[in-house]
Amino acid sequence: MKINTGVWIVLTSVIAFATGNINGQGAKTIMDKKIASLTVYEYFVEEGMDEPVIESFEKYDETGHLVEIKELNNKGDVKRWETYSYNEEGKLVEEVFLDSKGRIESTEKSVYSDGLRVEKLYYNNKDKLVKRKVYEYEYRK
19 MKINTGVWIV LTSVIAFATG NINGQGAKTI MDKKIASLTV YEYFVEEGMD
69 EPVIESFEKY DETGHLVEIK ELNNKGDVKR WETYSYNEEG KLVEEVFLDS
119 KGRIESTEKS VYSDGLRVEK LYYNNKDKLV KRKVYEYEYR K
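When we follow our numbering, the leftmost residue of the sequence shown carries the number 19, and every step to the right adds one.
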């Protein structure tokens, strides 16, 4: 089975985010080392570019959670910009997707009950609910 490159990038990003391992460092390591942000520089050697270009910028809160990510193309234009908010239990409760100028394109909010996500709400750029997912759990007896 052949996977489209764009699909593969999305899948690996989702898996990396879900495991809390966007840049290879876990939240505990980021917190222990008191890392506030990470900037990744890229050198386009084959293209003769000697100066680095910022590939991505990640910002963390004091508990080591990723709170903002910006990915840039080799011209420095924003191609991905997202912010994240967490509840007091450290669960991801809000994801905001921004355009290159920082305007909200969409928002996703997660609702938890007893430590489990029970609902995810999807809003457009006008803060209008456009989709809703409900999570139902079945327990072993």
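The beta-carbon is built from N, C-alpha and C at its ideal position, and this holds for glycine as well.
In this text the structure is predicted, and so the values were computed from the model without any measurement.
Straight-line Cα distance separating V152 from R98: Translated into positions along the sequence shown, residue 98 becomes position 80. Translated into positions along the sequence shown, residue 152 becomes position 134. Taking the straight line from one Cα to the other gives about 27 angstroms.
Short Cβ contact (8 angstroms threshold) for E123 with L116: On the sequence shown, residue 123 is found 105 positions in, with the first residue counted as 1. On the sequence shown, residue 116 is found 98 positions in, with the first residue counted as 1. Their beta carbons are under 8 angstroms apart, which means E123 touches L116 by this criterion.
K46, DSSP secondary structure in three states: Looking up residue 46 in the sequence shown gives position 28. Helix, per DSSP.
K72 vs L90 beta-carbon contact at 8 angstroms: The sequence position of residue 72 within the sequence shown is 54, counting from 1. The sequence position of residue 90 within the sequence shown is 72, counting from 1. It is Ile, not Lys, that sits at residue 72 in the sequence shown. Cβ atoms of I72 and L90: closer than 8 angstroms.
Nearest to I48 (by Cα), restricted to the options H83, V58 and V136: Position 30 of the sequence shown, counted from the start, is the residue given in the question as residue 48. Considering only alpha carbons, the answer is H83.
Length at least 3, wholly inside the region 62-115: the beta strand (DSSP E) runs in chain order: 71-78, 84-90 and 96-104
Cβ neighbour criterion (16 or more within 10 Å) applied to K88: The count along the sequence shown starts at 1 and reaches residue 88 at position 70. Buried.
Alpha-carbon spacing of N39 relative to L110, whole angstroms: The residue labelled residue 39 in the question sits at position 21 within the sequence shown. The residue labelled residue 110 in the question sits at position 92 within the sequence shown. With a pLDDT of 42 at N39, under the threshold of 50, the modelled position of that residue is not reliable, and no figure is offered here.
Which of helix, strand or coil DSSP assigns to S118: Walking along the sequence shown from the start, residue 118 turns up at place 100. In the structure shown, S118 sits in coil (DSSP, three-state: anything other than H, G, I, E or B).
Closest Cα partner of T125 within the set E113, Y157 and S118: Within the sequence shown, the letter at position 107 stands for residue 125. T125 has its Cα closest to that of E113, out of E113, Y157 and S118.
Nonlocal neighbours in the same chain, by C-beta distance under 7 angstroms from V85, ignoring five residues either side: Residue mapping note: residue 85 aligns to position 67 of the sequence shown, counting from 1. Contacts found: K77, Y78, D79, T101 and Y102.
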